[in-house]
Structure formats: C-alpha cells, structure tokens
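Residue numbers (my numbering), protein chains in the order written: chain A, 1 to 143; chain Y, 1001 to 1143; chain G, 2001 to 2143; chain L, 3001 to 3143.
By construction, the Cβ of each residue, glycine as well, lies at the ideal position given by its N, Cα and C atoms.
See below for the structure under consideration.
Number of protein chains: 4
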Amino acid sequence: MDAQDVNYREKVQESFNRQVVMHTLGAELSIQGPGIVSIRFPFQPEYTQQNGYIHAGIATTVLDSACGYAAFTLMPPEADVLTVEFKVNLLRPAMGEHFTARARVIKPGRTLSVVDAALFSPAYAEDKPVATMTGTIMAIVQP
Amino acid sequence: MDAQDVNYREKVQESFNRQVVMHTLGAELSIQGPGIVSIRFPFQPEYTQQNGYIHAGIATTVLDSACGYAAFTLMPPEADVLTVEFKVNLLRPAMGEHFTARARVIKPGRTLSVVDAALFSPAYAEDKPVATMTGTIMAIVQP
Amino acid sequence: MDAQDVNYREKVQESFNRQVVMHTLGAELSIQGPGIVSIRFPFQPEYTQQNGYIHAGIATTVLDSACGYAAFTLMPPEADVLTVEFKVNLLRPAMGEHFTARARVIKPGRTLSVVDAALFSPAYAEDKPVATMTGTIMAIVQP
Amino acid sequence: MDAQDVNYREKVQESFNRQVVMHTLGAELSIQGPGIVSIRFPFQPEYTQQNGYIHAGIATTVLDSACGYAAFTLMPPEADVLTVEFKVNLLRPAMGEHFTARARVIKPGRTLSVVDAALFSPAYAEDKPVATMTGTIMAIVQP
C-alpha cells in the first residue's frame, strides 16, 4: 500500500497528539509504514475492572485509535478520519505491565477502509492476543 | 425476566463498585430491574479524541459495563460475569455534558446472554443515540 | 424518515426482483414505508443444517436483503445500494413453516445507513426472534 | 492445537454431510488439520443478488459452516457445535467461477472458540478476499 500524503507521518502524529485520551492513558504511537501502526500504553490501576484487569473498553480505546490511524496513514491530505463501527473479541484477561495494539489495514478504500487490530501483552505469548478488533474507518472529505 | 438471585441488586452494585475505571470516569449505576441497567457519566476533557468529543472507546467502556451488569442481574448467585465480544456502531459525535448508557438483556441464557445497549446525550433527541452496542455476556460458574 | 425518491417502492421492488436468490428461496418483499421493510420466506429442507433447522447463513441472506432494502427506500433516485458489513446473533433454532425478516433503519445517512433487523418465526412468541442483525449499508452514487 | 477426538475427521465430515444446504450449494469440505478447514463451492446463478454476484448471505452460509467445522475439529467426542454470533465484512464483489472459504481457530476454548475465516475467489489475488468473518462458536455438551 502506498501513502497518498507524503507528510502522512506528521499528519497522523499530529492528530494522535490531539487525542487527549491518549495522553491520559500514557499511550505512545509508532507508525510502522503506510497502513500499519501500533500504540503502546502502560497498565494503570485507574482503568481496571472488578478483577483487577484493564477494562475491555480501555483496551478498545487504544485498539480503535490504532485502527483509525492505520487507515489515516493511507488517506489523502484533505481527509479527516472517523470510525464507523467495530467488533471486538475479548480473548484473555488484560493483565501485564504494558500493552501494545497493532493495527493493519486489510482493505483500503477511497471512502471506507477495513482494519484488523490485536492487543498484545508481555503476559502472553506473541500469538496469544488479549483482544482483537475489526473496524470500519471512513475518510471524511469536506466538499 | 426474573432474577435468580434475590440479592441481585447488592451483588451488581458491589461488583460495579470494584470497577475502578467506573470511579475514574465518574460513572454511576442505576439498576432498573432484572435485565435492565443504566450507567451515567459526565463529560471529562481527559477522555476526548482529536475533535473534542468523548473517545469511542470510553463510550464503549461504559456501554460494556452496562451490558455486563444487565446480564449479571439475571445470573445465579454463584456466577461471575465476563464479556465475550461486542459490536459497536458510532452514530453521532459524543458531545454533551453527560451521557447515559442504557442496557437491556434481549436473550438471557444459562451460559450466554445477548444484551443491547445505547448511549444517550442531552445534546440529541431521545431517539438519537450516540452509539449502540450488541454484546455477548457469559456466566462463569466455578465448578 | 422521508423518502427522497417518490418512486422508491418501484425502485426497491424492481431491485428485489433482480435478486435471483430471493426467487430461489421463495422470498416475498413487503415495503411498510420509508426505512421499514420485511421479507418472508418459507421453510425449505434444501436450506437446512445438520439438525434440520434453516442454516444461519440462509437466515442471514434474507436479513441482509431486508437491511439493504430498508436503507434503499431512503436513498436518492440515482444511488445504488451495497452492504458494507453486518453482525448477526443467533438466538434460537430456525424452526417453523415460514420466517419473516423485519428491518428498520436506525440511522439514515447520505453515505452510510445503520439498519437493525430481526428474523421471526411462528414457532416462537413475537418478542423472541430467531436471529438479529445490525448492518451498515452504503449508498453508491456514480459520479 | 491438538484434537481431543481421534476420529475428528470422520465426525466433522459426517456432520457436514448432514448439512443439506451444503449439498444444495455444491459445497465440498477439506479438513486441513485440527482447527483448520476449507469449503469450496461453485458459482451458481440461483444464488446471485441484483448485480449478478453471489449474495453476501450465501457467502456467509459457507463461511459460517467453515468456522463451525474448524472449531468442531477441536471439540471432544461428546460435544455438538453451535454458532453463537458472527461478523462479516464484505470487501469485494463475489464474482468468479468458484469460491473457497478458509477458516482457522484463533482461540480454542472449552465452551467458546473464536474463529477467523475469509472467502477467496480466483477472480482476485490471493491476498484479496471477497469477505471476512469472525465467529464465536460454542461446544454443546449434553449433561
């Protein structure tokens, strides 16, 4: 896949920096290339559920941002990015000192892109994600 | 639908109180009855995305807890509750001073329950939710 | 919701008539109004799974067409209709002499519409659907 | 992944043979090993939608059976198999002379398994599936 925006790294990082929730969660973005990004964030007890694991919705927050920014790397300069919908499967308890959401565009499109993502923890083997997401991401171009 | 646990309100509220993330988000639970709960939380700028709206994952956090606790109201005393998967459609920007996630069990089951939820904001009419979720919730009974 | 195409009933029925699979399944369309359609089809043993019930994918076929045509009723005359994605929950065995898929647009949009549908059988009470679908439907306008 | 049933190939093939809809669609099962199966079926005009492509629900029928049987290969001898829910993304028009659904268990479980599948056509390159599915499959053990 090719980027349509030569400045896609700056554009994506700048948008990420404006997501206040990413700062709040201590999340850091890595842009691997067109269509592929990852976001890492630490365990924080403020975001746990009743058994002491990270809440599925917090995992989803980072998975969704990873999907959105993976798609955003491929969009033209004038486009904004919007998540339409996503589906999450929760496979294992979200335990560990930190987590990494890895997202990859599996079908880029002019209007809609489909992105797969998974959340990994050092508490599990590399082929055993905590959760998976499939998301539909929309490019919004103001007329 | 009938509750199997006469103390279901205490059980559900006690589990909710242990979800640290709910305290962090300033969320409050209301149990309407067996199979129906709602959770309200305020707008907080710490949880916004790049356009100043509440991040879809934070909306999902509260929707997921609402689905889980709606199902939990119907479970037997010895069961614990676990979300298996969910699907979220993002319908409108999550703007407003506060939000309410309303969840209702549409198919209770001994092992699996299906729950529908929607997130509402005073910024929109009552039939115009910010987001909708369908979730599959599992009862875990230790042998 | 208002139709943008005064001839929406003819347009939708004509497209339905071209879905050969609907003839194959013996399905019949009813257009209740803008944003609401239903499709009825009979039990046929050719479409059963290993326990003698209608296969979930056949139920999905009719649910998907119902979602698509519900959205199509609201689209402008020049638009074509395309399903982007759907999520199905299978709630009860698909038994009965006939089935009716009822679909309703819950969020119309210029490009994307979100539609909820459920499949009903006379084998169950009216509030006990066989399956539910949430689908994202796209309006395709040729430039 | 290891099979718990030494006769898993016979068990899976025998169940597949009882799915009348698979005969109707001309579908053939291949069991690659524990947790991995594929199902191939030909283009038949009886199963097309309004533009002459195979209907998304028919693609879903085969994807769902592939997911179910992939999970079934890993279940104990006494278990029956049931699909709980699935999510499908429709990526490209279902054109081509034949189609192959490939399914792989990504998370086996005693009660629930999560399975990914994709549908391929010779009309597209090998990394360009027609559709993708993530399904949740349940093992039913009669007490």
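- Per DSSP, the continuous beta strand (DSSP E) segment holding M1133(Y) begins and ends at A1131 to V1141.
- Setting aside the 5 residues that flank it on each side, R104(A) is surrounded in the same chain by G35, I36, A70, V115, D116 and A117, each with a C-beta closer than 8 Å to its C-beta; the list follows chain order.
- Closest in alpha carbon position to S30(A), among I54(A), F120(A), A131(A) and A66(A), is A66(A).
- Listed by position along chain Y, the residues whose Cβ is nearer than 7 Å to that of V3084(L) are L1112 and T1136.
- For L2091(G), the nearest beta carbon of chain Y is closer than 8 Å to its own beta carbon.
- The Cβ atoms of V1012(Y) and P45(A) do not sit closer than 8 Å to each other.
- Under the DSSP assignment, S38(A) falls outside any alpha helix (DSSP H), being part of the beta strand (DSSP E) whose first and last residues are I36 to P42.
- Here I1140(Y) is exposed, its C-beta having fewer than 16 other C-beta atoms within 10 Å.
- If you look at G2057(G), you'll find it in the alpha helix (DSSP H) that goes A2056 to F2072.
- Rounded to the nearest whole angstrom, the CA to CA distance from P3129(L) to R3040(L) is 14 Å.
- Taken atom to atom, the span from the alpha-carbon of Q1049(Y) to that of A1027(Y) is near 19 Å.
- Within the segment 2096-2135 of chain G, the runs of beta strand (DSSP E) at least 3 residues long that lie entirely inside it are, in chain order, 2098-2107 and 2112-2120.
- Checking the DSSP bridge columns, you'll see T1024(Y) has no partner listed.
- Beta-bridge partners assigned by DSSP to S3030(L): S3038(L).
- Taking a C-beta distance under 8 Å as the contact criterion, L3074(L) and M3001(L) qualify as a contact pair.
- For a Cβ distance threshold of 8 Å, residue set K2087 of chain G lies close to K87(A), ordered along the chain.
- The beta-carbon of K3107(L) is placed less than 8 Å from the nearest beta-carbon of chain A.
- In the DSSP secondary-structure assignment, A79(A) is bridged to V141(A).
- Annotated as distal: F3120(L) and I3054(L), with beta-carbon spacing of 8 Å or more.
- When Cβ-Cβ separations below 8 Å define contact, I1058(Y) makes contact with chain A.
- Within chain L, the residues Q3050 have their CB atoms less than 7 Å from the CB of R2018(G), given in chain order.
- A straight-line Cα-Cα distance of about 14 Å links R110(A) and Q142(A).
- Distance from T60(A) to T1024(Y) at the Cβ level is roughly 15 Å; contact not present, criterion being Cβ atoms closer than 8 Å.
- N1017(Y): member of the alpha helix (DSSP H) spanning Y1008 to R1018, first to last residue.
- Chain-order list of chain Y residues neighbouring E46(A): V1020, V1021, H1023 and T1024, by C-beta distance under 9 Å.
- Within 8 Å of the CB of T3061(L), the CB atoms of chain G belong to H2055, A2056, G2057, I2058, T2060 and T2061, in sequence order along the chain.
- When the five nearest sequence neighbours on each side are left out, the beta carbons in the same chain lying within less than 6 Å of the beta carbon of E1097(Y) are those of F1043, in order along the chain.
- Of the other Cβ atoms in all chains shown, fewer than 16 fall within 10 Å of the Cβ of E10(A); this residue is therefore exposed.
- Out of E1126(Y), D1064(Y), T1132(Y) and I1058(Y), the CA that lies nearest to the CA of L1091(Y) is found in T1132(Y).
- When only Cα atoms are considered, A1003(Y) and A2125(G) end up about 21 Å apart.
- What S3121(L) touches in chain G, judged by beta-carbon distance under 9 Å, is nothing: the nearest beta carbon there is about 17 Å away.
- The beta carbons of E1085(Y) and E3014(L) sit no closer together than 8 Å.
- Its chain contains F16 and S65 as the residues whose beta carbon lies nearer than 7 Å to that of M22(A), once the 5 sequence neighbours on both sides are disregarded; these appear in chain order.
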